[in-house]
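Novice:
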Amino acid sequence: MSAQPEPDAGPAERLLEHNKKILELREAIHDAKLRHRLMVACGTGTFVMLLAIALPTAITWRTYDLAPINTVLVLLALILGLGFAGVGSIETPTELIDPQYPAKGRRRSSVRELELQLELAFERRLREAIPIDLPVRNRQFAYKESIPEELEKLRKESARYRRRHNVFQLLIIIGSIGNAGAQAFSDTAQPLKSIIIGLTMLVAASAGVSGYYKFRERSFNLQQTADSIEENTNAFHLGLAPYDSGDASVNLARLTDKVEALRVEQRRREQQLDPYFAGDRFRSVASGFA
């Protein structure tokens, strides 16, 4: 169980407790998002099963016997409904619920509430780290230890943008093929004209969204930054140039400078893709140790 840092503990021990709380909150947020997806999937599946039972039965009433099919659908709906109730009953660990910001009388915090507590945990860690006058080399070492986590964040964001790009490109391809096929029979039936209009709007909207948000370019830039950071980190651990100096502190300073330069360059590329981009996507971990 996670506990609040003891008042009589040393600054370093209290800082470790804050880091532990942050890691636990991140894991709880991941679990809460997974529960939300499962609840949506189970709830939607239950609704679809019930709809699949009601509509065909109403249409084919006293015409076809759908009892065998409806039995299977009822069992599926029951299983999905039980899954929805079971996932919804999972509670957030009580040690992660901040007594100052309770989950509104519930024992299960939402993703938004957990993210709020995570931000508060970041602020507490920052306030705890301010009085600690760490040497520059120690702060650089802590910065280096945060690189694997930053790499994971960069790759996840790159994969998300890549999936969005692939989805919109797939919509453009399918819409273009369907549009071309529908136009070949456009003179035969009036409904096909509506299909052509819909497919044309789908292709235009997909191309516009993909071109405006530049998912492919964002994914490429993020992946390129992650690869460059990983390349420099591996060179540092293997003692390759430019990290082949006999003085370890010099190599650590070079790595810190290079990684931070790559992050700054990534933020500049992000701003070039979106003129209205004002958020700092990558929080500088070193500021937490200043």
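Start counting the sequence shown at 1; every next residue gets the next number (our numbering).
In this text, a Cβ means the ideal position worked out from N, Cα and C, and glycines have one as well.
1) So for I90, helix, strand or coil by DSSP?
2) Buried or exposed: K258, going by 16 or more other Cβ atoms within 10 Å of its Cβ?
3) By the DSSP assignment, the alpha helix (DSSP H) with G181 in it spans what residues?
4) Over the uninterrupted alpha helix (DSSP H) stretch that includes S245, give me the two end residues.
5) For Y212, does the count of other Cβ atoms within 10 angstroms reach 16, so buried, or fall short, so exposed?
6) How should L238 be labelled, buried or exposed, when 16 other C-beta atoms within 10 angstroms of its C-beta is the threshold for buried?
7) May I ask you to report which of helix, strand or coil DSSP gives T57?
8) So, for T225: in the same chain, excluding its five sequence neighbours on each side, which residues have a beta-carbon less than 7 Å away from its beta-carbon?
9) Cutting at 7 Å between CB atoms, please list the residues of its own chain near E157, excluding the five before and the five after it.
10) Pick helix, strand or coil for G105, following the three-state DSSP scheme.
11) Contact between the region 63-73 and the region 84-93 is defined here as three or more beta-carbon pairs at a separation below 8 Å; is this criterion met?
12) The alpha helix (DSSP H) that contains D227, what's its start and end?
13) Going by Cα to Cα distance, which pick from M39, Q272, E17 is closest to L80?
14) Grab me the residues of R216's own chain with a C-beta within less than 6 Å of its C-beta, minus the 5 sequence neighbours each way, in chain order.
15) Which of the three DSSP states, helix, strand or coil, is assigned to P68?
16) Can you name, in chain order, every residue of its own chain whose Cβ lies under 6 Å from the Cβ of A249, other than the five neighbours on each side?
17) Can you tell me whether E113 is buried or exposed, with buried defined as 16 or more other CB within 10 angstroms of its CB?
18) Return the CA-CA distance between I53 and I172, expressed in angstroms with no decimal places.
19) So, for S245: in the same chain, excluding its five sequence neighbours on each side, which residues have a beta-carbon less than 7 Å away from its beta-carbon?
20) Under the three-state reduction of DSSP, which class applies to T44: helix, strand or coil?
21) Give me, in chain order, the residues of the same chain whose beta-carbon lies closer than 8 Å to that of K33; leave out the 5 immediate sequence neighbours on both sides.
22) Assuming Q117 and L25 make a contact with CB atoms under 8 Å, what is their CB distance in whole Å?
23) Among the candidates L16, L76, P56, whose CA atom is the shortest distance from the CA of T44?
24) Within a Cβ cutoff of 7 Å, which residues of the same chain sit near T57, ignoring the five residues on either side of it in sequence?
25) With a Cβ-Cβ cutoff of 8 Å, do L151 and I29 count as a contact?
26) Mark F236 as exposed unless 16 or more other C-beta atoms lie within 10 angstroms of its C-beta, in which case mark it buried.
27) Using 8 Å as the threshold, is the C-beta distance between F168 and V209 below it?
Specialist: In this structure, then:
1) coil
2) buried
3) 147-184
4) Unbroken run through S245: none, as it is neither H nor E.
5) exposed
6) exposed
7) helix
8) L154, L262, Q266
9) L222
10) Any reading at G105 is ruled out, since the residue's pLDDT is 47, under 50, leaving its predicted position unreliable.
11) no
12) 215-238
13) M39
14) H165
15) helix
16) Reading the sequence as shown, one finds Ser at residue 249 and not Ala. For S249, where only same-chain residues beyond five positions count, the Cβ hits under 6 Å are R137.
17) buried
18) 34 Å
19) N251
20) helix
21) V111
22) 6 Å
23) L76
24) L66, N70
25) no
26) buried
27) yes
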